[in-house]
Amino acid sequence: MYLYNSASRKKELFVPNHPDIVKMYTCGPTVYHFAHIGNLRSYIMEDVLEKYLRFSGYNVKRVMNITDVGHLTSDADEGEDKMLKGAKREHKSVMEIAQFYTNAFFDDCRKLNIKRPDVVEPATNCIEDYIRIITKLMDDGYAYFAGGNVYFDTSKLERYYVFNDFNADDLDVGVREGVEEDTNKRNKNDFVLWFTKSKFEDQALKWDSPWGTGYPGWHIECSGISMKHLGEDLDIHCGGIDNAFPHHTNEIAQSESYLGHKWCNWWVHVLHLNTTSGKMSKSSGEFLTVKLLEEKGYDPLSYRFFCLQSHYRKALVFTWENLDNAQKAYGKLVSRLAGLKPDDGPVDEAALEQLLDRFRSAMDADLNTSLAVTALYDSLKAQTNDATKLNAIGEMDKVLGLELTEKAELKREEAKKAAQAASGNAGFTVIPEDGTEDATVTELLEMRQAAKKAKQYAQADAIREQLRGMGIEITDIPSGAKWKHI
Ligand code: AMP
Ligand code: ZN
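Structure follows, in structure tokens:
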């Protein structure tokens, strides 16, 4: 697979560091509010990446943090802790807020078919890990203590801006308009590793440390949690594009200074979901949630389908009209699958491989999900039997996660029930005593039942004879009919 690496700004052939495992880390949510569907675009695409790695035969260990402390309202270590802000808004404790929104996040993930990472670690669980890293950074001269806080000294690095060739002024987050500059910083991009002095004396969660009672900065969380569960190297680190700077840039600075070697090989960033008026964010007023989509009658998986139709490295514009189109297309796709006959013959292995090859080459080209969806549609038109088509689409859906097989099966069942109800056969069950279903026998028994209802007894007897001719004996029971091979 060729996967774009933000650090090299190139698509590179993916080769994991260790043959037996792919180590993958994802920046998790800050649990002070519901996730918006923009955040979830990032998690959907990261889920597709994980599932495709597994589909390709890799063993994956994926770790995600839950940010429940230290993420301030500005990424440049300014402002109030977001968790405290959420707690005040809802008159609850920080831990109550964290628990509630962590559960809400995983509920949304479940509805969107986003697999739970192998390890999910709240930031407040790993304070000792951050203290260990910061202590070494202090000892080695990469960090300094000033005005009550510990800062990382970015001037100690040969190359700080990893993801872009911008000059320092273009990335002037530390001195953003309206943000008070922190005069303790020696360099404007220095960032806090440990706070003991904050403008907000009511910070809820604090821990003892060699530098005084306080709390960790946001960036150190991801380095600490990743190293705790994945060791000293990483294959892939993911997040939304807004995380590239300063968050991921700072993660690299502190991790590599601590370790003394390269830390992570691939940096994968998902571009934003925008509204027609700009980036969707929690700070800019109203934001869309999975709950809202459901209230408006959308299947959350239509939103997943909408995301898959475009490439993760292109910004995606959300409009209700776009979502309507995705919902319709998704519904039609399920109906087309439901119209295929699952048992119309053996699977043609050669045809199946051909269909899967098209899917693989789309996904191998930097996870081109929109081409992969085209490969899925093309499978419907392929010159092969239905069983092969369904098999191919079922395999593709292990990665795309649209629950197509399950939904098509449900639709087939519903259609069968509706047909039974229309022919007066509602509640009529057919039980194969030998255990194996047979669609032809079921159909004949249903026809016989319909004939009996219509008082066409000669017709009903003829069907019984026909079945006997096929070597099948039937017994009427109160709920329907039983049958077995004679
Ligand atoms: P947060 O909960 O704010 O820490 O963000 C969780 C994830 O969502 C991070 O990976 C962000 O980079 C990502 N994210 C934030 N806004 C958007 C957006 N509008 N579109 C896509 N991803 C986003
Ligand atoms: Zn992170």
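Residue 14 in the numbering used here sits at position 8 of the sequence shown, with consecutive numbering throughout. Backbone N, C-alpha and C define an ideal beta-carbon position, used for all residues, glycine too.
| Item | Value |
| --- | --- |
| Assigned exposure category for residue 19 - 16 Cβ within 10 Å defines buried | exposed |
| Start and end residues, alpha helix (DSSP H) containing residue 25 | No alpha helix (DSSP H) holds residue 25; DSSP gives it neither H nor E. |
| Local conformation of residue 222 per DSSP, three classes | strand |
| Three-state secondary structure (DSSP) of residue 240 | strand |
| Inside the stretch 325-350 only - beta strand (DSSP E) runs reaching at least 3 residues | none |
| Residue 383 burial status per 10 Å Cβ neighbour count (16 or more: buried) | exposed |
| Pick from 285, 108, 151 and 279 that is closest to residue 329, judged by C-alpha positions | 279 |
| Pocket of ligand 2 (residues with CB nearer than 5 Å to any heavy atom), chain order | 33 and 228 |
| Residue environment, residue 326, which counts as buried when at least 16 other CB atoms sit within 10 Å | exposed |
| Assigned exposure category for residue 225 - 16 Cβ within 10 Å defines buried | buried |
| Beta-bridge partners of residue 284, as assigned by DSSP | 281 |
| Entirely enclosed beta strand (DSSP E) segments - the stretch 66-120, minimum 3 residues | 66-72, 78-80 and 84-87 |
| Heavy atom of ligand 1 within 7 Å of residue 248 beta-carbon | yes |
| Cβ-based burial, residue 482 [other Cβ within 10 Å; buried from 16] | exposed |
| Buried or exposed (CB count within 10 angstroms, at least 16 for buried), residue 25 | exposed |
| DSSP-derived helix/strand/coil call for residue 373 | coil |
| Residues of its chain near residue 77, where Cβ-Cβ distance is below 6 Å and the 5 sequence neighbours each way are ignored | 36, 88 and 224 |
| Cβ pair count under 8 Å reaching 3, the stretch 141-159 against the stretch 238-255 | no |
| Residues near residue 458 by beta carbon distance below 7 Å, same chain, minus five either side | 466 |
| Rounded straight-line distance, which links the Cα of residue 71 to that of residue 126 | 6 Å |
| Cβ-based neighbour list, residue 67, same chain, cut-off 8 Å, excluding 5 preceding and 5 following | 27, 28, 29, 30, 124, 125, 235 and 236 |
| Residue 376 vs residue 316 beta-carbon contact at 8 Å | yes |
| Any non-hydrogen atom of ligand 4 closer than 7 Å to residue 279 Cβ | Ligands displayed in this structure: ligand 1 and ligand 2; ligand 4 is not among them. |
| Whether residue 261 touches residue 215 by CB criterion (8 Å) | no |
| Which of helix, strand or coil DSSP assigns to residue 270 | strand |
| Under the three-state DSSP convention, the category residue 383 falls into | helix |
| Residue 176 versus residue 161: straight-line alpha-carbon distance, rounded | Residue confidence for residue 176 is low, a pLDDT of 47 falling below 50, so the modelled location carries little weight; the figure read from the coordinates is stated next. Rounded to the nearest angstrom, the two C-alpha atoms are 17 Å apart. |
| Beta-bridge partners of residue 491, as assigned by DSSP | 478 |
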